[in-house]
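One structure is given below, encoded as structure tokens.
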Amino acid sequence: MATAKPVLFAGNSNRALAEEIAKKMGTHVGKALVTTFANEECRIEIRENVRGADAFVVQSLCKADPQHSVNDSLMEMLLMIDALRRASAYRVTAVIPYYGYAKQDKKTKGREPISAKLVANLLSTAGVQRVLTIDLHAAQIQGFFDEPVDNLSAGYILANYLIGKRKLQGSSCVVVSPDAGGVARAETFAKKLQTSVAIVFKRRPRPDVNEVSEVVGDLQGKTAIIVDDMISTGGTLVKAAEALLDRGATSIVTCATHGIFAADAAQKLIDSRISEVIVTDTIPVPLEIRGGKITVLSVGKLLADAIRRISANRSVSEIYEEQEEELARSQAGGGGPLFAVPAPSDQPEETFVAAETGSEAVKR
Ligand code: R5P
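The numbering of the sequence shown is our numbering, which starts it at 35 and goes up by one.
Structural data, given as structure tokens:
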């Protein structure tokens, strides 16, 4: 039997979000040591009793800072799951706000791995019994697991911000997919904003490099809202923005769930003609690039709601019904943003730089 209350744990990749989730749930992040041995191997110790517990481990599979790689995040997650299983937790759910290694979700040419499937296998082997994630790069990654997967969407949070704060909805704007693969996402998003869709056709001559080949849709005199799942090098958005402005769009706003901001992506976007870049906190966004053009919305409440529901065996889909109602109020001009928009000053600096989990110093 699971204990009545869910117990949260966190690795070092997105401690600030884990704290935010805990705050929304009126609980705390459980005590655990997440550090490294002198030989740089990952060292985990769960420091509270978890027998019979419904344990949730929050860890984005991302690079958290120059010293903490995607692979460190993955290894911490695997070892935490293993530790919780061996400590007799009743159930272990991996809360993965950003599921990394997702881009290689199929073989596009010979002798490539299917990394997203391998990561799923690793999590299953570690003993995960359930996965909670947000905006998987490809929805079919859910099928790489035999365990239940809840793939939430940050679309409502982003749409509600655009409607509530930017007053963007209806025919004054157009939602743009930056590539053919994102059309379904853009269509869903456009419905929320009660507007039309345009499509940028993108070519990738080699990994991390892209070119615009064609644009379809009416952009004349409109604000173009480019919607993507992630920002990595920023190249997709910058090139799409240029093409859209050349074809009559008056201004560009971009929305993406996962702000990876690899290498100089943030600066590239700040220097571009894009007027606002909106992401969520599924991946920690350094304080120095927040504010100005880059807006970060929190998925903390969304994940807290989902965790509470999973733990109580209640429907997770009902969250969307509540979000639909709130969005309808926003569309009618009556509601505020669905989820709090943390201003940089609301974020205590240490939540983004400190990575101490438990009582001993950790490597960051
Ligand atoms: C591609 O399939 C994705 O949805 C994103 O468009 C892409 O990963 C963004 O990458 P970048 O920012 O490096 O252009």
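Backbone N, C-alpha and C fix where the C-beta goes; we use that ideal spot for every residue, glycine too.
These numbers come from a predicted model, not from an experiment.
**Message:** Do residue 100 and residue 48 have their beta-carbon atoms positioned less than 8 Å apart in this structure?
**Reply:** Taking the sequence shown and counting its residues from 1, the one referred to as residue 48 is at position 14. Taking the sequence shown and counting its residues from 1, the one referred to as residue 100 is at position 66. Cβ distance not < 8 Å, so residue 48 and residue 100 don't count as in contact.
**Message:** Do residue 251 and residue 233 have their beta-carbon atoms positioned less than 8 Å apart in this structure?
**Reply:** By one-based count along the sequence shown, residue 233 stands at place 199. By one-based count along the sequence shown, residue 251 stands at place 217. In this structure, residue 251 lies closer than 8 Å to residue 233 by Cβ.
**Asked** How long is the line joining the alpha carbons of residue 241 and residue 138, rounded to whole angstroms?
**Response** Here residue 241 refers to the residue found at position 207 when the sequence shown is read from its first residue. Here residue 138 refers to the residue found at position 104 when the sequence shown is read from its first residue. Approximately 11 Å, taken between the alpha carbons.
**Message:** For the ligand R5P, is there any heavy atom lying closer than 7 Å to the beta carbon of residue 244?
**Reply:** Here residue 244 is taken as the residue at index 210 of the sequence shown, counted from 1. Flag set: Cβ of residue 244 near the ligand R5P.
**Prompt:** Is the beta carbon of residue 210 sitting closer than 8 Å to the one on residue 257?
**Reply:** The residue you call residue 210 lines up with position 176 of the sequence shown. The residue you call residue 257 lines up with position 223 of the sequence shown. It is not a contact, given that the beta carbons lie outside the stated cut-off.
**Request:** Helix, strand or coil for residue 92, going by three-state DSSP, please let me know.
**Result:** Start at 1 with the first residue of the sequence shown, and residue 92 comes out as number 58. The answer is strand: DSSP assigns residue 92 an E or B state.
**Message:** Give me the pocket residues for the ligand R5P, defined as CB within less than 7 Å of any heavy atom, sorted by chain position.
**Reply:** 137, 171, 212, 213, 215, 216, 242, 244, 262, 263, 264, 265, 266, 267, 268, 269, 270, 271, 296, 299
**Message:** Less than 8 Å between the C-beta atoms of residue 300 and residue 323, yes or no?
**Reply:** The count along the sequence shown starts at 1 and reaches residue 300 at position 266. The count along the sequence shown starts at 1 and reaches residue 323 at position 289. If you check the CB distance, residue 300 and residue 323 come in under 8 Å.
**Request:** For residue 213, collect the residues of the same chain with a Cβ closer than 6 Å to its Cβ; drop the 5 residues on either side in sequence, then sort them by chain order.
**Result:** In the sequence shown, counting from the first residue as 1, residue 213 sits at position 179. Correct list, in chain order: 236.
**Request:** Pull up the DSSP beta-bridge partners for residue 25, would you.
**Result:** What the structure shows of the chain is the stretch from 35 to 398, and residue 25 is not part of that stretch, so it cannot be assessed.
**Asked** Is there contact between the segment 196 to 205 and the segment 146 to 158, where contact requires at least three CB pairs shorter than 8 Å?
**Response** no
**Prompt:** Just the Cα atoms here: how many angstroms apart are residue 373 and residue 306?
**Reply:** As a position in the sequence shown, residue 373 is number 339, starting the count at 1. As a position in the sequence shown, residue 306 is number 272, starting the count at 1. Interpretation of residue 373 is limited by its pLDDT of 49, a score under 50 that renders its predicted location unreliable; no figure is taken from the coordinates.
**Prompt:** According to DSSP, what are the bridge partners of residue 257?
**Reply:** Translated into the one-based positions of the sequence shown, residue 257 becomes position 223. BP columns for residue 257 point to 207, 285.
**Asked** Among 310, 340, 83, which residue has its Cα nearest to the Cα of residue 330?
**Response** Taking the sequence shown and counting its residues from 1, the one referred to as residue 330 is at position 296. Distance from the Cα of residue 330 is smallest, within the candidate group 310, 340, 83, for 310.
**Span of the beta strand (DSSP E) around residue 312** = Walking along the sequence shown from the start, residue 312 turns up at place 278. Note, residue 312: beta strand (DSSP E), 310 to 314.
**Asked** Between the Cα of residue 156 and the Cα atoms of 180, 357, 63, which residue gives the shortest distance?
**Response** For the purposes of this step, residue 156 is taken as the residue at position 122 of the sequence shown. Nearest option by C-alpha distance: 180.
**Message:** How far does the beta strand (DSSP E) with residue 240 in it extend, from its first residue to its last?
**Reply:** As a first step, residue 240 is located in the sequence shown; it is residue number 206 there, counting from the start. Here the beta strand (DSSP E) through residue 240 covers 230 to 240.
**Asked** Expressed to the nearest angstrom, what Euclidean distance is found between the alpha-carbon atoms of residue 266 and residue 293?
**Response** For the purposes of this step, residue 266 is identified with residue 232 of the sequence shown, where counting begins at 1. For the purposes of this step, residue 293 is identified with residue 259 of the sequence shown, where counting begins at 1. Each residue's Cα considered, the two are about 7 Å apart.
**Item:** Under the three-state DSSP convention, the category residue 43 falls into
**Value:** Here residue 43 is taken as the residue at index 9 of the sequence shown, counted from 1. The answer is strand: DSSP assigns residue 43 an E or B state.
**Other residues of its chain near residue 270: CB distance less than 8 Å, five sequence neighbours each side excluded** = The residue given as residue 270 occupies position 236 in the sequence shown. Excluding positions up to five away in sequence, the list reads 212, 213, 236, 244, 262.
**Message:** For residue 278, which residues in the same chain have their Cβ closer than 8 Å to its Cβ, ignoring the five residues on either side in sequence?
**Reply:** For the purposes of this step, residue 278 is identified with residue 244 of the sequence shown, where counting begins at 1. Hits under 8 Å: 210, 232, 234, 249, 253, 258, 260, 286.
**Message:** Would residue 98 and residue 43 qualify as a contact pair, given that the criterion is a beta-carbon distance under 8 Å?
**Reply:** Here the question's residue 98 lines up with position 64 in the sequence shown. Here the question's residue 43 lines up with position 9 in the sequence shown. Not closer than 8 Å, so no.
**Item:** Own chain partners of residue 110 with C-beta closer than 8 Å, once the 5 adjacent residues on each side are dropped
**Value:** Within the sequence shown, residue 110 is the residue found at index 76, counting from 1. 45, 46, 47, 68, 76, 78, 93, listed in sequence order.
**Message:** If you measure between the beta carbons of residue 185 and residue 174, is that distance less than 8 Å?
**Reply:** Here the question's residue 185 lines up with position 151 in the sequence shown. Here the question's residue 174 lines up with position 140 in the sequence shown. No, the pair does not count as a contact, with Cβ atoms beyond the cut-off.
**Item:** Close beta carbons around residue 338, own chain, < 7 Å, minus the five adjacent residues each side
**Value:** One-based indexing of the sequence shown puts residue 338 at position 304. Only 55, 58, 59 meet the Cβ criterion.
**Prompt:** Which two residues bound the contiguous beta strand (DSSP E) that contains residue 164?
**Reply:** Here residue 164 is taken as the residue at index 130 of the sequence shown, counted from 1. Unbroken beta strand (DSSP E) run through residue 164: 164 to 168.
**Message:** For residue 308 and residue 52, I'd like the C-alpha separation in whole angstroms.
**Reply:** Sequence index remark: in the sequence shown, residue 308 carries index 274 (1-based). Sequence index remark: in the sequence shown, residue 52 carries index 18 (1-based). Computed Cα separation, rounded: 30 Å.
**Prompt:** In angstroms, rounded to a whole number, what distance separates the CA positions of residue 41 and residue 363?
**Reply:** Residue numbering aside, residue 41 sits at position 7 when the sequence shown is read from its first letter. Residue numbering aside, residue 363 sits at position 329 when the sequence shown is read from its first letter. Answer to the nearest angstrom: the Cα atoms are 34 Å apart.
**Request:** Grab me the residues of residue 371's own chain with a C-beta within less than 6 Å of its C-beta, minus the 5 sequence neighbours each way, in chain order.
**Result:** Translated into positions along the sequence shown, residue 371 becomes position 337. The pLDDT assigned to residue 371 is 48, lower than 50, so where the model puts this residue is not dependable, and the model offers no usable value.
**Asked** Can you round the beta-carbon distance between residue 168 and residue 316 to whole angstroms, since I take them to be within the 8 Å contact cut?
**Response** Looking up residue 168 in the sequence shown gives position 134. Looking up residue 316 in the sequence shown gives position 282. Between the beta-carbon of residue 168 and that of residue 316 there is about 6 Å, and that keeps the pair under the 8 Å contact cut.
**Asked** What residues are listed by DSSP as bridge partners for residue 264?
**Response** The residue labelled residue 264 in the question sits at position 230 within the sequence shown. Looking at the DSSP assignment, residue 264 forms a beta bridge with 292.
**Asked** When DSSP builds the beta bridges, which residues end up paired with residue 248?
**Response** One-based indexing of the sequence shown puts residue 248 at position 214. DSSP output for residue 248 lists 235 as bridge partner(s).
**Request:** Check residue 99 in the structure and name its three-state DSSP category.
**Result:** Taking the sequence shown and counting its residues from 1, one reaches residue 99 at position 65. Residue 99: strand per DSSP, three-state reduction.
**Request:** Ignore the nearest five residues each way along the sequence and tell me which others in residue 222's own chain have a CB closer than 6 Å to its CB.
**Result:** Position 188 of the sequence shown holds residue 222. Taken in chain order, the list of residues that qualify is empty.
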